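First up is the structure itself, then whatever we jot down about it.
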Amino acid sequence: MTEAVSAIREMDTAIQRHQTLLNELGIAMSHTSETAISIAEFDANEKKLKDMEETMKLYVELSVNIKRHMETAESVKAAINRQREIHIVKPFEDHLNKLNKKDAAKEAESHPKLIDYQKKIWKAQYPNKPFPGEDDDLIITNDEIDINCPITKKQLVKPMRNMACGHHYEQSAIEEYLKSMRKHRQIDCPVAGCSKTVSKTSLEYDKSMEREVKKRAMSQRPDSEDEEEYTQI
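For the sequence shown, the UniProt record's numbering assigns the number 1 to the initial residue and increments by one for each residue that follows.
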């Protein structure tokens, strides 16, 4: 029994370490995305953008492999709980080998995070053109983007994006929302009618939305302020 408990703790430690790696990868992917969007908006250097996309593909492939190891650790942990089986090496290897038969690089090509990244870059380059494969009617212009938090109903300042559905929330508001709902097994997106869930791991800071909010605020500034300032000069 003691050996089984020890083995479960080993699996828990492995899962936590892999989650830390995933979090760090998430930060790296966010930085890559922000940099690429800036290049697309202000530089449009195709070589740089191609290099950034290759970097993003590598990050996504790494995240796929890390998640496979996490899934394997969870599977072995469940087996130990069921059978109190402490010989964990073979079941770990068997499960991992089964997962590794799937090509991680190929899976990364169609991964939601990579597709989402490609859509962001496309939007930065061609704001009024549909992403390849999307309908013209589905285009959402910048003016149609909701820049208010669905929780606070106030304008976003530190926008967090839910990668599961694309909705944005104010950072402090969504953190408080998750804390208040932590007893629930799954937490629904707070946007009315949305069927997706939200969690800490599904959230990313959206620098492009932050820029959009600031741009919108600048464009809505009354002309009278500029005229008054000019008159005083």
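The C-beta atom is built at its ideal place from N, Cα and C for all residues, glycine as well. Source: prediction; values computed, not measured.
Apart from sequence neighbours up to five positions away, the residues of its chain that approach ALA108 with a beta-carbon distance below 7 angstroms are LYS57, VAL60, GLU61, VAL64, LEU114, ordered along the chain. In this structure, ALA73 places its C-beta atom within 8 angstroms of the C-beta atom of MET11. Scanning its chain for C-beta atoms nearer than 7 angstroms, with the 5 sequence neighbours on each side dropped, one finds around GLU210 the residues PRO159, in chain order. The beta carbon of ALA164 sits closer than 8 angstroms to those of CYS189, LYS196, THR197, VAL198, SER202, all from its chain and outside the five residues before and after it, given in chain order. The C-beta of GLU170 has 16 or more other C-beta atoms within 10 Å across all chains shown, which makes the residue buried. For TYR205, no alpha helix (DSSP H) segment is defined; the enclosing uninterrupted segment is the beta strand (DSSP E) at 203-205. When the Cα atoms are used, LYS47 and VAL157 turn out to be separated by approximately 33 angstroms.
Linking PRO132 to ALA124 through their CA atoms gives a straight-line distance of about 14 angstroms. The continuous beta strand (DSSP E) containing PRO159 extends over residues 159-162. Residue pairing for GLN155: DSSP places it in a beta bridge opposite ASN148. Distances from the alpha-carbon of LEU49 to those of LYS120, GLU71, VAL5 put LYS120 closest. The beta-carbon separation of LYS153 and LEU178, rounded to 18 angstroms, does not stay under the 8 angstroms limit for a contact.
Under the DSSP definition of a beta bridge, HIS168 partners with ARG161. Counting every other CB atom within 10 Å of its CB across the protein chains shown gives LYS183 a total below 16, marking it as exposed.
The alpha-carbon of ARG216 is positioned some 31 angstroms away from that of LEU25. Inter-residue distance for LYS77 and MET181 is about 26 angstroms (C-alpha atoms, whole angstroms). In this structure, VAL5 is the residue among VAL5, GLU204, SER110, TRP122 with its C-alpha nearest to the C-alpha of ASN81. Across the structure, ILE147 and GLN155 are spaced so that their CA atoms are roughly 6 angstroms apart. Of the other Cβ atoms in all chains shown, 16 or more fall within 10 Å of the Cβ of ILE39; this residue is therefore buried. Between ILE151 and GLU212, the CB-CB gap reaches or exceeds 8 angstroms. Contact check for HIS69 against HIS31 fails: the beta carbons are separated by 8 angstroms or more.
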